[in-house]
Amino acid sequence: MKAVVITGPGGPEVLQVKEVEDPELRDDEVLIKVAATALNRADTFQRKGVYPPPKGASEYLGLECSGTVEAVGERVSRWKVGDQVCALLSGGGYAEKVAVPAGQVLPVPQGVSLKDAAGLPEVACTVWSTVFMMSRLSAGETFLVHGGSSGIGTFAIQIAKYQGAKVFATAGSEEKLAFCKKLGADVCINYKTEDFVERVKKETGGKGVDVILDHIGARYLMKNIESLNVDGRLFVIGTMGGAEANIDLRVLLAKRLTVQSAGLRYRSPENKAVIVNQVEKVVWPAIVGGKVKPVVHKSFQFSEAAEAHKLMESSDHIGKILLLP
Numbered sequence: 009m010k011a012v013v014i015t016g017p018g019g020p021e022v023l024q025v026k027e028v029e030d031p032e033l034r035d036d037e038v039l040i041k042v043a044a045t046a047l048n049r050a051d052t053f054q055r056k057g058v059y060p061p062p063k064g065a066s067e068y069l070g071l072e073c074s075g076t077v078e079a080v081g082e083r084v085s086r087w088k089v090g091d092q093v094c095a096l097l098s099g100g101g102y103a104e105k106v107a108v109p110a111g112q113v114l115p116v117p118q119g120v121s122l123k124d125a126a127g128l129p130e131v132a133c134t135v136w137s138t139v140f141m142m143s144r145l146s147a148g149e150t151f152l153v154h155g156g157s158s159g160i161g162t163f164a165i166q167i168a169k170y171q172g173a174k175v176f177a178t179a180g181s182e183e184k185l186a187f188c189k190k191l192g193a194d195v196c197i198n199y200k201t202e203d204f205v206e207r208v209k210k211e212t213g214g215k216g217v218d219v220i221l222d223h224i225g226a227r228y229l230m231k232n233i234e235s236l237n238v239d240g241r242l243f244v245i246g247t248m249g250g251a252e253a254n255i256d257l258r259v260l261l262a263k264r265l266t267v268q269s270a271g272l273r274y275r276s277p278e279n280k281a282v283i284v285n286q287v288e289k290v291v292w293p294a295i296v297g298g299k300v301k302p303v304v305h306k307s308f309q310f311s312e313a314a315e316a317h318k319l320m321e322s323s324d325h326i327g328k329i330l331l332l333p
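Just so you know, we're using my numbering here: the sequence shown kicks off at 9 and counts up by one.
Take a look at the structure:
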């Protein structure tokens, strides 16, 4: 099969399409003929050599895909050859075929194209596990997502709104803020021209928001903590603004705050299966009902992987970037 390989740590130019061995299929896995995969920020870090795949995972990039089931392992009963599916991966999406544990496979939601479904598993599982399963965002609460125009952000705005929360979003341009508004964000903040802490305080009568989803990390840590309500929950899923920061524990104590952090990729297959199951039960009906829609900015061919990575690193996109074999 063909796959996009990393010829050595570096910039987008190190990505090249090459012929490689087909993946081996284990008894509890499904072999998917890939129709599309979607870029995630983690792919750019792996390309640079600073985010290795988990032990035993595919060496190729790609944390999600959509496609058609080509074969199933002996212990797989739900999925059949020919099923149209999408899947959460530990790696391997940038290839014509990928083997994935059956518990990480989802049906393509009715009303979504096979291609566009490639951009759903990672964002759906990330947002649902962090914002709802672990941070317990509920109807009537307030929620802030940074990078509202990103793949994670566009999905988080929609599902939080669907679940009955008041949604705050930050973005870096008026075009992106307008898109966040269109998706349902109630308060849109330009982080380049406004202090988001001040705006959050103003909009909440000085209280702060109940839950924050953040991918910036160190640079925003204390600002996020200042922006939280009593019993507020901060969930950090990235370190684009640094990995080390000082924290004033007195603020946490005074407001009974919870600070959590987790990634999806290094979770066990069993843990991922629990998340995927929840997503199918709760999130998929919202997508089928048209309340939450995939947001796809642009699609590239495998041969254009370098261009796709350049676009992601420019942050000039809104929503997901797809790669097609």
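For each residue, glycine too, the CB sits at the ideal point set by N, CA and C. Computed from a predicted model, the values in this text were never measured in an experiment.
Would the beta-carbon of residue 74 fall within 8 Å of that of residue 268? no
Margin query: Rounded to the nearest angstrom, what separates residue 24 and residue 12 at their Cα positions?
Written below: 5 Å
4-residue-minimum alpha helix (DSSP H) runs that sit fully inside the region 125-210, ordered along the chain: Complete alpha helix (DSSP H) runs here, min 4: 129-135, 159-170 and 182-191.
Note to self: Which residue marks the beginning of the alpha helix (DSSP H) containing residue 277, and which one marks its end?
What the structure shows: 277-286
- Message: For residue 262, report the span of its alpha helix (DSSP H) as first-last.
- Response: 257-263
### Message
Pull the bridge partners of residue 109 from the DSSP assignment, please.
### Response
37
Give me the DSSP bridge partner(s) of residue 315. Residue 315 is not bridged to any residue.
> Given that a residue counts as buried once 16 or more other Cβ atoms are within 10 Å of its Cβ, and exposed if not, what is residue 237?
Replying inline: By the neighbour-count criterion, in which 16 or more other beta carbons inside 10 Å mark a residue as buried, residue 237 falls on the buried side.
If we ignore side chains and look at the alpha-carbon of each, how far apart do residue 145 and residue 254 end up? So the alpha carbons of these two residues sit roughly 26 Å apart.
* Asked: Among all the DSSP beta bridges, which residues are the ones paired with residue 119?
  -> Beta-bridge pairing links residue 119 to no other residue.
- Message: Just to confirm before moving on: does the CB-CB distance between residue 157 and residue 295 stay below 8 Å?
- Response: no
Answer with buried or exposed for residue 19, where buried requires no fewer than 16 other C-beta atoms within 10 angstroms of its C-beta. exposed
Is DSSP giving residue 270 helix, strand or coil here? coil
Using 8 Å as the threshold, is the C-beta distance between residue 114 and residue 129 below it?
Against a cut-off of 8 Å, the Cβ pair of residue 129 and residue 114 comes out as a contact.
- Query: Any idea which residues DSSP pairs residue 27 with across the strands?
  - Reply: 10
For residue 314, which residues of its own chain have a beta-carbon under 6 Å away from its beta-carbon, when the five flanking residues on both sides are left out? Answer for residue 314: 20, 21 and 23, listed in chain order.
Worksheet item: CA-CA distance, residue 222 and residue 205?
Response: 14 Å
Notebook entry, point to check: First and last residue of the alpha helix (DSSP H) that includes residue 237?
Noted result: Residue 237 -> not in any alpha helix (DSSP H); beta strand (DSSP E) instead, spanning 236-244.
Q | Same chain only: Cβ atoms within 8 Å of residue 281, ignoring 5 sequence neighbours per side | A | 109, 111 and 112
Quiz item: Taking the alpha-carbon positions, what's the residue 107 to residue 96 distance?
Solution: 11 Å
Task: Rounded C-alpha distance that separates residue 196 from residue 120 - done: The straight-line gap from Cα to Cα measures roughly 27 Å.
Requested in this report: Just tell me which of 232, 309 and 291 has its CA closest to the CA of residue 131.
Outcome: 291
### residue 324 - partner residues in DSSP beta bridges
Answer by DSSP bridge pairing: none, since residue 324 is not bridged.
Practice item. State the CB to CB distance for the pair residue 310 and residue 102, rounded to an integer number of angstroms; the pair is presumed to be in contact (CB under 8 Å). Key: 7 Å
Note to self: Assess contact between the region 37-53 and the region 62-76, defined as three or more Cβ pairs (one per stretch) separated by less than 8 Å. Is contact present?
What the structure shows: yes
Problem - Where residue 274 falls, given that 16 or more other Cβ within 10 Å makes a residue buried - result: Taking a 10 Å sphere around the C-beta of residue 274, we find fewer than 16 other C-beta atoms and assign the residue as exposed.
Report task. Alpha carbon to alpha carbon, how far is residue 235 from residue 83? Give it in angstroms, no decimals. Result -> 48 Å
> Tell me which same chain residues have a C-beta within less than 7 Å of the C-beta of residue 251, skipping the five on either side of it?
Replying inline: 225 and 226
task: Name the residue from 81, 124, 52 and 176 whose alpha carbon lies nearest to the alpha carbon of residue 35.
output: 81
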